[in-house]
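Structure first, commentary second.
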Amino acid sequence: MTDLEAWRRAAEVGGRGWYARAHTEAAALCVSPDPVVRSSAWCLSASLVRQGGDHARAAVLDGRAVAEVGLRVATVAAVDAVVGLAADALGPGRYRRAEVLLDRAVAILDRCGPDEEAHRAGVRCRWVRAELAMARGDGATAEFWADDAARLAADLASPRHRVKSAVVGAAAALVAGRDGVGRRAERARRDADDGGFLPLAWAAAAIGDAVGDPIAAADRARFAAILRARGGPFR
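Taken in order, the sequence shown gives residues 1035 to 1269; the numbers are from our numbering.
Here's what the structure looks like:
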């Protein structure tokens, strides 16, 4: 197995909520001879940490990811790292910084080749655009970016990207005050659970819980217990 294949496996493991294992595998890849793999490993570590709410530590790790590849040469790894920094900025409310970083990420992405990895990075940019709009209380803009992410994700081979786009869309609809949020969250929760993407299932359950769905509340507690047993930060 190459280091790049090992990173893909670690990312898959993390996406399924095996946090302790994903942290261990990412840490091992941070010393890979390939700077792109090192950058991607730091970025994965940052994502795992950010999910626990430690945006400051995640920003340090994403900064390491940027340093590994630099920003002069257009690579998807650089895009991922800069988008990660934008997501890190949302926690402490640094919304203007997040916006600038997202613009920088898109500028780098525009110089990348039109392959599957670039397509995936484009979806991730849109997720964070939607999250930024939600943080600002702008539901309509959040829905625009969430819908655009879902449109692009439909062409990807990755089911996780389609499921996460649905979760982001449900969250945006909640912020926008739309009807039917509970039903959207339920569908996303079911798809995430069926696919084994438990962190996304937890997030969808949290949305359902927020609109008073008692089944979602019970599922949220169940998913959290499983994820804690796997080394995750969920409550």
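Glycine included, each C-beta is placed from N, C-alpha and C at the ideal position. If you're wondering where the values come from, they're calculated on a predicted model, not measured in any experiment.
Item	Value
Cutoff 8 Å; reference L1119; Cβ partners in own chain excluding five residues on either side	A1093, D1096, G1097, V1100 and L1135
In chain order, each alpha helix (DSSP H) run of at least 4 residues that lies wholly inside the stretch 1045 to 1103	1053 to 1063, 1069 to 1085 and 1089 to 1103
R1221: first and last residue of the uninterrupted alpha helix (DSSP H) it sits in	V1215 to G1229
Cβ-Cβ distance between V1107 and V1162 below 8 Å	no
Contact check, A1061 vs D1114, beta carbons under 8 Å	no
C-beta atoms of I1249 and A1219 nearer than 8 Å	no
V1162: first and last residue of the uninterrupted alpha helix (DSSP H) it sits in	E1150 to A1169
Assigned secondary structure, D1122 (DSSP; H/G/I helix, E/B strand, else coil)	helix
Environment of P1126 [buried if 16+ CB atoms lie within 10 Å]	exposed
Start-to-end residues for the alpha helix (DSSP H) that takes in R1131	Y1129 to L1143
Cβ separation of G1173 and A1210, assumed to be a contact under 8 Å, to the nearest whole Å	3 Å
Supposed close pair A1259, W1236 - CB separation, criterion 8 Å	Rounded, the Cβ-Cβ distance is 10 Å, inconsistent with contact.
Cutoff 7 Å; reference A1045; Cβ partners in own chain excluding five residues on either side	L1078
6 Å CB neighbourhood of R1158 in its chain, flanking five on each side removed	V1117
Three CB pairs or more closer than 8 Å across the stretch 1141 to 1152 and the stretch 1164 to 1172	no
Euclidean distance between Cα positions of R1131 and P1067	32 Å
Per-residue burial, E1150 [other beta carbons within 10 Å of its own, 16 or more giving buried]	exposed
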